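What follows is a short report on a single structure.
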Amino acid sequence: MDVTSRKNSLEEGFDHSSVWFEDGNIIIQAESAQFRVYRGILALNSSVLRGMFDLAQPDKSDMQDGCPVVHFYDSAQDVRHFLCALHFPRYYHPSETTSWDIVSAMLRLGKKYAVHHLHESAFKQISALYPIKFADWCTRPMHSIQQFIALPLAVYQLAKETGHLSFLPGCLYSMTIIHRGEEIIHGFTLPDGSHAELEPHEKLLILQNRAKFTAYLRESVLGFLFKSPPSCQSSKMCSLVKYATLQKLHADSSLDLPGRGTGLFGVEIAWESIGFCAPCYAAAFVQWKNAREDFWNNLPQMFNLPSWKEIEKSLDG
10 MDVTSRKNSL
20 EEGFDHSSVW
30 FEDGNIIIQA
40 ESAQFRVYRG
50 ILALNSSVLR
60 GMFDLAQPDK
70 SDMQDGCPVV
80 HFYDSAQDVR
90 HFLCALHFPR
100 YYHPSETTSW
110 DIVSAMLRLG
120 KKYAVHHLHE
130 SAFKQISALY
140 PIKFADWCTR
150 PMHSIQQFIA
160 LPLAVYQLAK
170 ETGHLSFLPG
180 CLYSMTIIHR
190 GEEIIHGFTL
200 PDGSHAELEP
210 HEKLLILQNR
220 AKFTAYLRES
230 VLGFLFKSPP
240 SCQSSKMCSL
250 VKYATLQKLH
260 ADSSLDLPGR
270 GTGLFGVEIA
280 WESIGFCAPC
290 YAAAFVQWKN
300 AREDFWNNLP
310 QMFNLPSWKE
320 IEKSLDG
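Right, here's the structure in full:
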């Protein structure tokens, strides 16, 4: 690039971002944006960049204001967030950061450039929403999803791009229970305003699994509402309680997928006050608990993904 001054760079149409230190000793260019930062900070945090700098041969045509210009083939937005996180310690803090743009940039570029603390922090933050353990799914911080708008499709696309297999089953399950058929077919608007669609085979899997999920919810997870064990001590009372429970679930639209339905893991049963006789309570709770756990254990295979055990092994690799 034949540029020798900041003025000339502006004339060429490059945008100097707020990440521009006058005493910086390296210029990072991503798309039409430039960032003047400190080579030492980048090299200290990234073995990939350190190796790149060590191998790079100075080229007089790629100098500006006495600084080498290094091209990053990433989005300017991602690079800005990445460089801010490296130069301003409080810029990205997992317990406070709620911007999906920032979180996704940390995961994407943290992995690409081997900045382990950024990648690991973003991975843990997203894993809290899309975990691999059933117990963690049941207690995940739902409010965080709205806070940084981690739409399942946005996370799913990022996970495929970066190879984070552990997010995929939860994302696909979430899309199955949340989004209407026309959204699955025609695509979604992501947090950054862009349009994204699933692959045809992914759309088909979601639509096919929706019917299976609804049937499993009614027949297995809530199967105890339609039958009683032979040891039932109060057939009339238990039947009335089961009918009332089913009516409430219908009234709350808890069984409707998609829409207000919360899927197999969001249906609430007031076990502490349900009013079953002891044998019915014991049988119902065991069926409800086992059916939910069995469903979770088989969830990845429903979307033609490796088992949870294989996914967990991949995290160690």
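First residue of the sequence shown? That's 10 in my numbering, and the numbers climb one at a time after it. Built from N, CA and C at the ideal position, the CB exists for glycine as well. Remember, it's a predicted structure, so these values are computed and weren't measured experimentally.
- One thing to note: residue 46 has its Cβ within 8 Å of the Cβ of residue 28.
- DSSP, reduced to helix, strand and coil, places residue 300 within a helical segment of the structure shown.
- Note on the region 72–110: whole alpha helix (DSSP H) runs with a minimum of 4 residues are 85–96, in chain order.
- Just so you know, the alpha carbons of residue 171 and residue 311 end up roughly 22 Å apart.
- Residue 106 is classed as buried because its beta carbon has at least 16 other beta carbons within 10 Å across all chains shown.
- DSSP places residue 250 outside any beta strand (DSSP E); the residue lies instead in the alpha helix (DSSP H), whose first and last residues are 244–260.
- Note on geometry: alpha-carbon atoms of residue 240 and residue 288 lie some 6 Å from one another.
- For residue 36, the enclosing beta strand (DSSP E) has its first and last residue at 35–39.
- The C-beta of residue 102 has fewer than 16 other C-beta atoms within 10 Å across all chains shown, which makes the residue exposed.
- Beyond the five residues adjoining it in sequence on each side, residue 313 comes within less than 8 Å, by CB distance, of 214 in the same chain, given in chain order.
- A straight line joining the alpha-carbon of residue 190 with that of residue 159 spans about 20 Å.
- Counting of Cβ neighbours within 10 angstroms places residue 87 among the buried residues, the total reaching 16 or more.
- As DSSP reads the structure, residue 204 sits in a beta bridge with 198.
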